[in-house]
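**Student:**
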Ligand code: NAD
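Numbering (my numbering), first residue to last: 547 to 1035.
1. Measuring CB to CB, does residue 752 end up less than 7 Å from residue 720?
2. Just to check my reading of the structure: residue 1027 and residue 827 have Cβ atoms closer than 8 Å, yes? What is that Cβ distance to the nearest angstrom?
3. Expressed to the nearest angstrom, what Euclidean distance is found between the alpha-carbon atoms of residue 968 and residue 988?
4. Would you kindly work out how many angstroms separate the C-alpha atoms of residue 1015 and residue 915, rounded to a whole number?
5. Does the beta carbon of residue 709 fall short of 6 Å from some heavy atom of ligand 1?
6. For residue 785, count neighbouring Cβ atoms within 10 angstroms of its own Cβ and tell me buried if that reaches 16, exposed if not.
7. Can you list, in chain order, the stretches of the alpha helix (DSSP H) that have 4 or more residues and sit fully within the segment 991-1027?
8. Measuring CB atoms only, is the segment 942-956 touching the segment 839-849, in the sense that at least three cross pairs come out at less than 8 Å?
9. What number of angstroms, rounded off, separates the C-alpha of residue 547 from the C-alpha of residue 918?
10. Taking 6 Å as the cut-off, does the CB of residue 839 come closer than this to any heavy atom belonging to ligand 1?
11. Mark residue 1008 as exposed unless 16 or more other C-beta atoms lie within 10 angstroms of its C-beta, in which case mark it buried.
12. As a quick exercise: from 760, 935, 923, 675, pick the residue whose alpha carbon is nearest that of residue 960.
13. Confirm the yes/no value for this check: CB of residue 800, any heavy atom of ligand 1, distance under 6 Å.
14. Which stretch, first to last residue, makes up the beta strand (DSSP E) that contains residue 844?
15. Is residue 734 a contact residue of ligand 1, with contact defined as CB to any heavy atom under 6 Å?
16. Let me check understanding here. Comparing Cα to Cα, which of 601, 651, 567, 641 lies closest to residue 589?
17. How big is the Cα-Cα spacing for residue 633 and residue 712?
18. Round the Cβ separation of residue 880 and residue 586 to the nearest angstrom and send it over; I've been treating them as touching at under 8 Å.
19. For ligand 1, is there any heavy atom lying closer than 6 Å to the beta carbon of residue 805?
20. Could you pull out every unbroken alpha helix (DSSP H) segment of at least 4 residues lying fully inside the segment 903-972, listed in chain order?
21. If residue 733 and residue 715 are in contact, beta carbons under 8 Å, what's the gap, nearest whole angstrom?
22. Cβ of residue 865 within 7 Å of Cβ of residue 876?
23. I'd like to confirm something about residue 718: is its beta-carbon nearer than 6 Å to some heavy atom of ligand 1, or not?
24. Just reading off the alpha helix (DSSP H) that residue 717 is part of, what are its end residues?
25. Below 6 Å, is the gap between the Cβ of residue 652 and the nearest heavy atom of ligand 1?
26. Could you spell out the range, first to last residue, of the beta strand (DSSP E) harbouring residue 629?
27. Look at the alpha carbon of residue 964 and the alpha carbon of residue 1033, and state the distance between them as a whole number of angstroms.
28. Output the boundary residues of the beta strand (DSSP E) element that contains residue 789.
29. Please indicate yes or no: does the CB of residue 981 lie closer than 6 Å to some heavy atom of ligand 1?
30. Going along the chain, which residues of its own chain have a beta-carbon closer than 8 Å to the beta-carbon of residue 851, five neighbours each way excluded?
31. Could you pull the start and end residues of the alpha helix (DSSP H) that residue 878 belongs to?
32. Using DSSP with H/G/I as helix, E/B as strand and the rest coil, what is residue 732?
33. Considering Cα atoms alone, identify which of 740, 912, 580, 618 is closest to residue 562.
34. Rounded to a whole number of angstroms, what is the C-alpha to C-alpha distance between residue 676 and residue 895?
35. Could you check which residue in 782, 887, 749 has the C-alpha nearest to that of residue 1010?
36. Counting C-beta neighbours from all protein chains within 10 Å, is the total for residue 567 16 or more, i.e. buried, or is it exposed?
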């Protein structure tokens, strides 16, 4: 393992905002207490405020006050607000991409690709708000007419992770606002910058109090979950955090939506296009430095194509350009934090005590910052920690199997159930396996892609509830049956 002592100067983007909470349309300054670091250089860059329970209470009260009017807006009005917010984000895309890249250590090319996706997502929900599916009014009792109203849940607490800070925030605020809720949003303590810019953009578009942002760590998140004025909490985060939130939310019987970790299996069959799969999967395993809950991190290859696939796959992984996230040529950046670096190194160290063999990578990159080489491990056993637990770093395991049945068994034999992919040209096999794989998303000859129109969410330990699509609006809505007597009284 090598580390360099050479120093690299951190380049703070020109339009970096002051970090403050945004409550009821106003900026609420607070003393910074969480130290922020540039993942590319390991240099300290500043500190972020951490909201206490009084600040959270203030945000909930602002959201509650705004809810009274916001819930009465028509879907068309909410759609217009969301479209205007999409316009503002679109105009600020380069600033947002630069900040996200710098704060997360995400390659700038990836950060630039993310912004149009969330602009599109807001525009999708601007339209979806107006298409709310309603059961037709009907008569199910003589002399009585029944209608179903779809109503917002109320004030919702949205807690986001650090790997896609802005994207995850917008995945949540889009459907939540479209459904008529008001929001208290908390970004991860590690990555507050783009969420603060989002609040600035929202300030010029949304009525005060509709979107509130509180900065802070797990303690702030816990204050959101505990607050009796919050009707629902949506988390994207770690499984352990999800369990704590589900337990704490039971005190107030809040609705809970959990998007947790994953350990995506990738089944490469003998009839697949091995060349294409090896190229695509080298990208899909290491995008965002593997800090992606759908990362193609658990490759299972049929015996008969194992050698030819591995030769190409490992060559493609070795070709990935690791380096400064600000360089447009960079494909793999650093991990987000020193803690995440230590966590991934811990997995590699423990894997080194098993039969696992490193085919490429396995060490820190010889430069400052939180870099680990893209790593491929083989000769792993199904019950090894590195196969069973989410590493959330640039580490892929490859297993070989002799039959479809064995590949399916290995794929399903984890506690997670977020996503999987199958690489085959056989239609019958595709249909068989898409039914039998226990994962919320199954790609065929592809991986990673999500679209606004289709639901995304996990099975098992990957959580419950759906992001994206009209189903996410359902998560943020409640239905009410109204029964009207036709008898004059
Ligand atoms: P994390 O659970 O540590 O933090 C997520 C958020 O929860 C942060 O904002 C954090 O401050 C907050 N938090 C922490 N403790 C809390 C508590 N007790 N109560 C309330 N809030 C609390 O996760 P992370 O490290 O930021 O993100 C990485 C994890 O997120 C990975 O496990 C990854 O798989 C998962 N993830 C899942 C998806 C998905 O859609 N399923 C997407 C991205 C990331």
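Quick reminder that beta carbons are idealized off the backbone N, C-alpha and C, glycines included. Computed from a predicted structure; not experimentally measured.
**Tutor:** Straight from the coordinates:
1. Working through the chain shown from its first residue, we reach residue 752 at position 206. Working through the chain shown from its first residue, we reach residue 720 at position 174. Going by C-beta atoms, residue 752 is not nearer than 7 Å to residue 720.
2. To locate residue 1027, count along the chain shown from 1; it is residue 481. To locate residue 827, count along the chain shown from 1; it is residue 281. Going by Cβ atoms, the distance from residue 1027 to residue 827 rounds to 49 Å, so no, they are not a contact pair.
3. Position 422 of the chain shown, counted from the start, is the residue given in the question as residue 968. Position 442 of the chain shown, counted from the start, is the residue given in the question as residue 988. Each residue's alpha carbon lies about 7 Å from the other.
4. Taking the first residue of the chain shown as position 1, residue 1015 is located at position 469. Taking the first residue of the chain shown as position 1, residue 915 is located at position 369. Going from the Cα of residue 1015 to the Cα of residue 915 covers about 38 Å.
5. Against the chain shown, residue 709 aligns to sequence position 163. Yes.
6. Within the chain shown, numbered from 1, the residue matching residue 785 stands at position 239. Buried is the call here.
7. 1015-1021
8. yes
9. Here residue 547 refers to the residue found at position 1 of the chain shown. Here residue 918 refers to the residue found at position 372 of the chain shown. Only weak support exists for where residue 547 lies, its pLDDT of 33 falling under 50; the coordinates are left without a value.
10. On the chain shown, position 293 is the one that residue 839 refers to. Yes, the Cβ of residue 839 comes within 6 Å of a heavy atom of ligand 1.
11. Sequence index remark: in the chain shown, residue 1008 carries index 462 (1-based). So residue 1008 counts as buried.
12. Residue numbering aside, residue 960 sits at position 414 when the chain shown is read from its first letter. Out of 760, 935, 923, 675, 935 has the C-alpha closest to the C-alpha of residue 960.
13. Here residue 800 is taken as the residue at index 254 of the chain shown, counted from 1. Not under cutoff, so the answer is no.
14. Translated into positions along the chain shown, residue 844 becomes position 298. 844-848 is the extent of the beta strand (DSSP E) around residue 844.
15. As a first step, residue 734 must be located in the chain shown, where it is residue number 188. Because some heavy atom of ligand 1 lies under 6 Å away, the Cβ of residue 734 counts as near it: yes.
16. Mapped onto the chain shown, residue 589 falls at position 43. Comparing Cα positions, the closest option is 651.
17. Along the chain shown, one-based indexing puts residue 633 at 87. Along the chain shown, one-based indexing puts residue 712 at 166. For residue 633 and residue 712, the distance between alpha carbons rounds to 15 Å.
18. The sequence position of residue 880 within the chain shown is 334, counting from 1. The sequence position of residue 586 within the chain shown is 40, counting from 1. Sure, about 6 Å apart at Cβ, within 8 Å.
19. Reading the chain shown from its first residue, position 259 is the one you call residue 805. Yes - ligand 1 has a heavy atom lying nearer than 6 Å to the Cβ of residue 805.
20. 931-934, 950-958
21. Position 187 of the chain shown, counted from the first residue, corresponds to residue 733. Position 169 of the chain shown, counted from the first residue, corresponds to residue 715. That pair is a contact at about 6 Å.
22. The sequence position of residue 865 within the chain shown is 319, counting from 1. The sequence position of residue 876 within the chain shown is 330, counting from 1. It is not a contact, given that the beta carbons lie outside the stated cut-off.
23. Walking along the chain shown from the start, residue 718 turns up at place 172. Answer for residue 718: no, Cβ out of range of ligand 1.
24. Residue mapping note: residue 717 aligns to position 171 of the chain shown, counting from 1. Here the alpha helix (DSSP H) through residue 717 covers 711-724.
25. For the purposes of this step, residue 652 is identified with residue 106 of the chain shown, where counting begins at 1. Outside the cutoff, so no.
26. Your numbering for residue 629 matches position 83 in the chain shown. No beta strand (DSSP E) contains residue 629, which is instead part of the alpha helix (DSSP H) from 621-637.
27. Counting from 1 along the chain shown, the entry for residue 964 is found at position 418. Counting from 1 along the chain shown, the entry for residue 1033 is found at position 487. Going by the C-alpha atoms only, they are around 52 Å apart.
28. Residue 789 sits at position 243 when you count from the first residue of the chain shown. Run containing residue 789: none in the beta strand (DSSP E); it sits in the alpha helix (DSSP H), 785-795.
29. As a first step, residue 981 must be located in the chain shown, where it is residue number 435. No - ligand 1 has no heavy atom lying nearer than 6 Å to the Cβ of residue 981.
30. One-based indexing of the chain shown puts residue 851 at position 305. Counting only Cβ-Cβ distances below 8 Å, and skipping sequence neighbours, we find 814, 815, 816, 818, 820.
31. Locating residue 878 in the chain shown gives position 332, counting from the first residue. That residue, residue 878, is in no alpha helix (DSSP H); it is neither H nor E in DSSP.
32. Here the question's residue 732 lines up with position 186 in the chain shown. The answer is strand: DSSP assigns residue 732 an E or B state.
33. The count along the chain shown starts at 1 and reaches residue 562 at position 16. Considering only alpha carbons, the answer is 740.
34. Numbered from 1 along the chain shown, position 130 holds the residue referred to as residue 676. Numbered from 1 along the chain shown, position 349 holds the residue referred to as residue 895. Distance between the alpha carbons of residue 676 and residue 895: 53 Å.
35. Along the chain shown, read from residue 1 onward, the residue named residue 1010 stands at position 464. Minimum Cα distance to residue 1010 is reached at 782.
36. For this step, residue 567 is matched to residue 21 along the chain shown. Burial call: buried.
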